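Engineer: Letter by letter, the sequence shown follows residues 1 to 119 in the working numbering. Just passing along the structure, written as structure tokens.
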Amino acid sequence: MGKPLEAGDVQIIRAGKGISHAEHIEKGGVIFQIWVDPDLSKTLQQEASYDDYKATDFKVTETDGTSIIHYAGEKGLIHLNTPGVDIRRIRMTDIPFTWAGDKNAIHSLCHRRLGNAGW
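Quick look at the structure:
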């Protein structure tokens, strides 16, 4: 069993041939969880595995009131067996924002007005 994760840490679980999985969230804890489908022709023959990353492992890029952490994808530290996945956290101040994503890709965006709260 892995060590408890701290705020900002990331855990990647690769199910491989199969896993048994349980979670325990402490009172007041917050979690963001996303599941992506791997290339099953490759991964179903692999053993299950997981990797823990500390928040400090990830580089933060700051530009014009926007900070970006690249978790997975071309600029990310995390390797996934799912081609084309790009996972990043973007924090913006209250400035006008325009984004033109790849029209041939699938995008999932989560917006949360933070104020003084953390995420």
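Beta carbons: idealized from backbone N, C-alpha and C, even for Gly. Remember, predicted model here, so these are calculated numbers, not experimental data.
I'd like to confirm the pairing. Which residues does DSSP put opposite Ala72 in its beta bridges?
Structural biologist: As a working mapping, residue 72 is identified with position 72 in the sequence shown. In the DSSP output, where bridge partners are listed per residue, Ala72 has Ile78, Ile87.
Engineer: Counting only C-beta atoms, is Ile19 closer than 9 Å to chain D at any point?
Structural biologist: Absent from the structure is chain D; it holds one protein chain and no more.
Engineer: If you follow the alpha helix (DSSP H) that Thr43 is in, where does it begin and where does it stop?
Structural biologist: Here residue 43 corresponds to residue number 43 of the sequence shown, with the count starting at 1. Taken as a continuous stretch (DSSP letters only), the alpha helix (DSSP H) holding Thr43 covers 40-43.
Engineer: Using only alpha-carbon positions, find the residue among Thr98, Met92, Lys27, Gln46 that is nearest to Asp64.
Structural biologist: By 1-based counting over the sequence shown, the position of residue 64 is 64. It is Met92 whose Cα lies nearest to the Cα of Asp64.
Engineer: Just to confirm the assignment, what range does the beta strand (DSSP E) spanning Thr63 have?
Structural biologist: The count along the sequence shown starts at 1 and reaches residue 63 at position 63. Segment 60-63, the beta strand (DSSP E) holding Thr63.
Engineer: From the DSSP output, which residues share a beta bridge with Gln120?
Structural biologist: The chain is shown only over 1 to 119; residue 120 falls outside these bounds and no answer can be derived.
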